[in-house]
Every structure is written in structure tokens, then in C-alpha cells.
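In full-length UniProt numbering, the protein residues as written are 1 to 325.
For reference, the structure is listed below as C-alpha cells.
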Amino acid sequence: MTAVLDADRTASTTESQDVHYAGWAARAGALAVDVLPAAAVVATMALLAFTTPLWGWLWWILTVTAALALVAAAMNRWALPSITGWSLGRSLFGIRVVTRSGAPAGSVRLLLRDLAHVLDTLALFIGWLWPLWDSRNRTFADLLARTEARRVAPPQRDVRRPAGIVLLVAALLCVAGSGLAYLVVYKHDRAVEAARTQIAAEGPRMVEQMLSYGAATMQPDFARSLDLATEAYRPLLAAQQQLVEKGGATTNEYWSTNSAVLSDPPVTPEKATMLLALQGQRGTDPKSLKFISATVRVEFQKSGDRWLVNSLIVLKKPTASEAGG
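See below:
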């Protein structure tokens with residue numbers, strides 16, 4: 001009986017001596033290789049999405065890139081160990097996650113283990129430091145998932161090259177995304193500045209032409225005004241012109257005395273809003289000539305290479321005064 005007990009104790013001691021638990025530094029390195037590349041790509045794409053003006057194609061590029069990075073990280077952490085026995089980071093540092101009995105941890109257990117790492121973080125990061133004094137180098141997640149990270153012989157193939165490629169690809173994606181966003185922002189800012197400059201120069205002249213007409217040239221003047229309007233604004237402008245015709249032919253001439261491109265709503269490469277102060281005169285007879293003034297708010301919209309008036313709102317109705325008054 002004594003011989004049997006001694007044999008069992010010896011076998012247990014030998015088995016315990018054969019198990020080597022992964023150290024904290026090795027586990028941290030493996031986690032960094034597995035998680036940080038994808039985290040960097042996702043964080044970069046999210047930051048760009050929130051800080052740059054987005055169009056449909058750019059939003060899709062950022063979203064798809066972030067999604068692919070998350071899928072790749074998930075496959076590496078949860079699916080690949082079930083196929084090869086390793087994740088990329090663990091193979092690099094010679095670590096394998098197993099159950100307490102030493103059996104390989106399946107994909108579901110690995111997923112639950114990574115989800116349980118939230119507790120390691122919420123506990124003021126104490127769970128991440130727990131392996132420093134735990135006899136089996138376990139985190140809180142290991143305790144909950146009943147897993148252990150053990151040191152084993154690394155795979156025979158050299159995994160440093162794949163790990164380097166992954167890190168390089170992640171870095172290139174971050175740099176490429178940042179460069180693309182910079183080009184988009186730079187191009188957008190240039191286009192906005194060009195739109196502001198064009199409206200500042202062309203806007204007052206367009207409004208003057210739209211509101212000015214002569215009694216003898218009313219029809220061609222009205223046709224010119226309609227050509228300066230967008231399709232959406234043209235019916236309203238035509239109705240206003242019909243009211244003018246019914247009221248009798250009177251020469252009206254306007255010129256801009258002051259104008260400003262508004263920042264609210266913000267200028268875009270296709271839209272801009274301007275505030276104009278106008279003065280003018282009504283009639284041609286010096287004895288009955290009236291001077292008029294008005295303030296208007298005009299919305300411009302770009303159609304092809306042309307700027308057109310999309311809306312004209314009178315903020316201060318025209319006031320008239322006699323020439324001699």
C-alpha cells in the first residue's frame with residue numbers, strides 16, 4: 001500500500017512539474033500582437049469618421065476597413081486556435097490556452113474568456129495584474145472560464161514573419177486612412193474656399209440681373225432672370241414675373257451696395273447663402289423717378305459649372321422715396 005501511494009504522489013508531482021504557466025510579460029505581449037493591430041485600425045477609422053466631412057464612398061471605405069479588422073481579430077482570437085491550436089500572438093510567445101485538465105479551449109470558451117476580460121478592466125485593472133501573484137498565473141477571466149495559459153513549445157514554423165506582416169498591414173491601413181482623410185479634407189476645404197470666392201464675386205451681379213428689368217425689354221429681361229434660377233425656384237420666379245406684367249410695365253434697376261457670404265448655413269462646394277443690401281431706382285422720368293432700397297437673403301446652388309439662384313427671400317421690403325425728397 002505504501003508503494004502505491006508513493007507512486008501516485010510521484011506521478012502527481014511529475015505532472016505538476018511538467019506544467020509551466022505563461023508569465024505575465026509573455027501574456028501581455030501575445031495579447032498586444034493579437035489585439036492592438038485591429039484596435040489601432042478601428043480607432044483610426046472611427047476617429048476619421050467623426051472628424052472629417054464624409055461622403056458616401058468615404059464612409060463605406062472607413063466602415064468596411066474597420067469591420068474587416070474586427071473580423072480578422074475575431075478569427076485570430078477565437079477560430080484560429082480551434083484549427084491550429086494557436087492565435088498569432090500566442091504562437092509567437094509559445095502560449096496555449098487550455099482548460100484545467102489540459103484540453104484545448106474551444107472557440108466558445110475562448111470567446112467567453114475574452115468577454116470576461118471586461119471584469120479584469122472594470123476591477124480597476126486588478127484582474128489583469130492578478131497573474132503576478134496567482135499560483136497558476138490566472139486573470140479573473142481565467143478563473144471564470146476555467147482556463148489556464150501555459151507555456152508550450154512554439155510551432156516549428158517561423159511565426160515572426162506573419163506577425164510582422166500583420167503589424168505592417170495595420171500600420172499601412174492607419175497611414176493610408178489618415179492620408180486619404182487629409183486629401184479629402186484638403187480638397188473639400190479648397191472647394192469650399194473656391195465656392196465662397198465665386199459667390200462673393202458673382203452673387204451680387206446675378207441678383208442685380210435677376211431683379212432689374214426695363215419697361216421696353218421686359219420679356220428678354222425676364223427670360224434672362226429665369227435662366228439664372230434653378231428648376232426648383234423657376235416656377236415661383238415666373239409667377240412673380242407674371243404679377244409684375246399685370247401691374248404695368250415699369251423700369252426697375254437694382255445694384256448691390258453691400259454683400260456678405262454667410263457662414264450659417266455653412267458654405268459647401270455646391271451651396272452658399274448670401275445677404276445683400278440693394279439700392280435702385282424705379283421709372284425713367286426724372287420728375288417721377290423713385291429711389292428704392294431692399295435687403296435680401298439669397299441661396300445659391302451649383303449646377304454643373306454654373307451657380308444659380310435657388311431661393312430669394314426679401315428681409316426688408318423695398319422702400320421708395322421721391323427723387324427730390
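Idealized CB from N, CA, C, for every residue including glycine.
Practice item. Tell me, please, which residues DSSP counts as bridged to residue 301. Key: Paired residue(s): 271, 308.
Check your understanding: In this structure, does DSSP put residue 263 in helix, strand or coil?
Key -> Residue 263 falls in the coil class under three-state DSSP.
Review point. CA-CA distance, residue 102 and residue 151?
Key: Straight-line Cα distance between these residues: approximately 12 angstroms.
Exercise for review: Classify residue 315 as buried or exposed, calling it buried when 16 or more other Cβ atoms lie within 10 Å of its own Cβ.
Suggested key: Classification of residue 315: exposed, given that the 10 Å Cβ count is below 16.
Check your understanding: DSSP state of residue 291, grouped into three classes?
Key -> Collapsing the DSSP output to three states places residue 291 in a strand.
Point to revise | Beta-carbon spacing of residue 99, residue 148 below 9 angstroms | key: In contact: residue 99 and residue 148 (Cβ atoms closer than 9 angstroms).
Point to revise | Environment of residue 213 [buried if 16+ CB atoms lie within 10 Å] | key: Buried is the call here.
Exercise for review: Would you mind working out which of 248, 229, 295, 304 sits nearest residue 215, comparing C-alpha positions?
Suggested key: When the alpha-carbon of residue 215 is set against those of 248, 229, 295, 304, the nearest one is in 248.
Practice item. Take the Cβ of residue 203 as the centre, count every other Cβ of all protein chains shown within 10 Å, and call the residue buried at 16 or more, exposed below. Key: So residue 203 counts as buried.
Exercise for review: Please list, in chain order, all residues of the same chain as residue 109 whose beta carbon is under 7 angstroms from its beta carbon, the five residues on each side excluded.
Suggested key: Excluding residues up to 5 positions away in sequence, 145, 147 lie with their Cβ nearer than 7 angstroms to the Cβ of residue 109 in the same chain.
**Study point:** Counted within 10 angstroms of its Cβ, other Cβ atoms place residue 25 as buried (16 or more) or exposed
**Key:** The residue in question, residue 25, is exposed, as its Cβ has fewer than 16 Cβ neighbours within 10 Å.
Check your understanding: Which residues does DSSP pair with residue 255 in a beta bridge?
Key -> DSSP lists 279 as partners of residue 255.
Check your understanding: Which stretch, first to last residue, makes up the alpha helix (DSSP H) that contains residue 197?
Key -> 160-211 is the extent of the alpha helix (DSSP H) around residue 197.
Check your understanding: Can residue 218 and residue 312 be called in contact, C-beta distance under 9 angstroms?
Key -> For residue 218 and residue 312, no; Cβs fall outside 9 angstroms.
Review point. On the three-state DSSP scale, how would you describe residue 62?
Key: Residue 62: helix per DSSP, three-state reduction.
Check your understanding: Which residues in the same chain as residue 237 place their Cβ atom closer than 7 angstroms to its Cβ, once the five residues preceding and following it in sequence are excluded?
Key -> Hits under 7 angstroms: 225, 226, 229.
Review point. Where do the N-terminal and C-terminal ends of the alpha helix (DSSP H) with residue 147 fall, by residue?
Key: Residue 147 -> not in any alpha helix (DSSP H); beta strand (DSSP E) instead, spanning 147-151.
Point to revise | Buried versus exposed call for residue 258 [16 or more other C-beta atoms within 10 Å across all chains shown] | key: When all chains shown are included, residue 258 counts as exposed.
**Study point:** Residue burial classification, residue 93 (beta-carbon count within 10 angstroms, cutoff 16)
**Key:** Burial call: buried.
Review point. Near residue 317, which residues of its chain fall below 8 angstroms by C-beta distance, leaving aside the five closest residues on each side in sequence?
Key: Only 294 meet the Cβ criterion.
Point to revise | Distance CB(residue 88)-CB(residue 80) smaller than 9 angstroms | key: Yes.
Exercise for review: Could you check the C-alpha separation between residue 19 and residue 95 for me, to the nearest Å?
Suggested key: One C-alpha to the other measures close to 12 angstroms.
Review point. For the candidate residues 241, 206, 222, 270, whose alpha-carbon lies nearest to that of residue 297?
Key: Residue nearest to residue 297 within the set 241, 206, 222, 270 is 206 (criterion: CA-CA distance).
Check your understanding: With residue 91 and residue 37 assumed to form a contact (beta carbons below 8 angstroms), what rounded beta-carbon distance in angstroms separates them?
Key -> In this structure residue 91 is not in contact with residue 37, their Cβ atoms being roughly 15 angstroms apart against a cut-off of 8 angstroms.
**Study point:** Stretch pair the region 185-204 + the region 264-276: three plus CB contacts closer than 8 angstroms
**Key:** In this structure the region 185-204 lies against the region 264-276, because at least three pairs of beta carbons, one per stretch, are closer than 8 angstroms.
Check your understanding: Are the beta-carbon atoms belonging to residue 278 and residue 255 less than 9 angstroms from one another?
Key -> Taking 9 angstroms as the Cβ cut-off, residue 278 and residue 255 qualify as a contacting pair.
Check your understanding: So, are the CB atoms of residue 300 and residue 199 less than 9 angstroms apart?
Key -> Result yes, Cβ atoms of residue 300 and residue 199 sit closer than 9 angstroms.
Check your understanding: Going by other Cβ atoms of all chains shown within 10 Å of its Cβ, with 16 needed for buried, is residue 118 buried or exposed?
Key -> Result: exposed.
**Study point:** Assigned exposure category for residue 106 - 16 Cβ within 10 Å defines buried
**Key:** With fewer than 16 neighbouring CB atoms inside 10 Å of its own CB, residue 106 falls in the exposed class.
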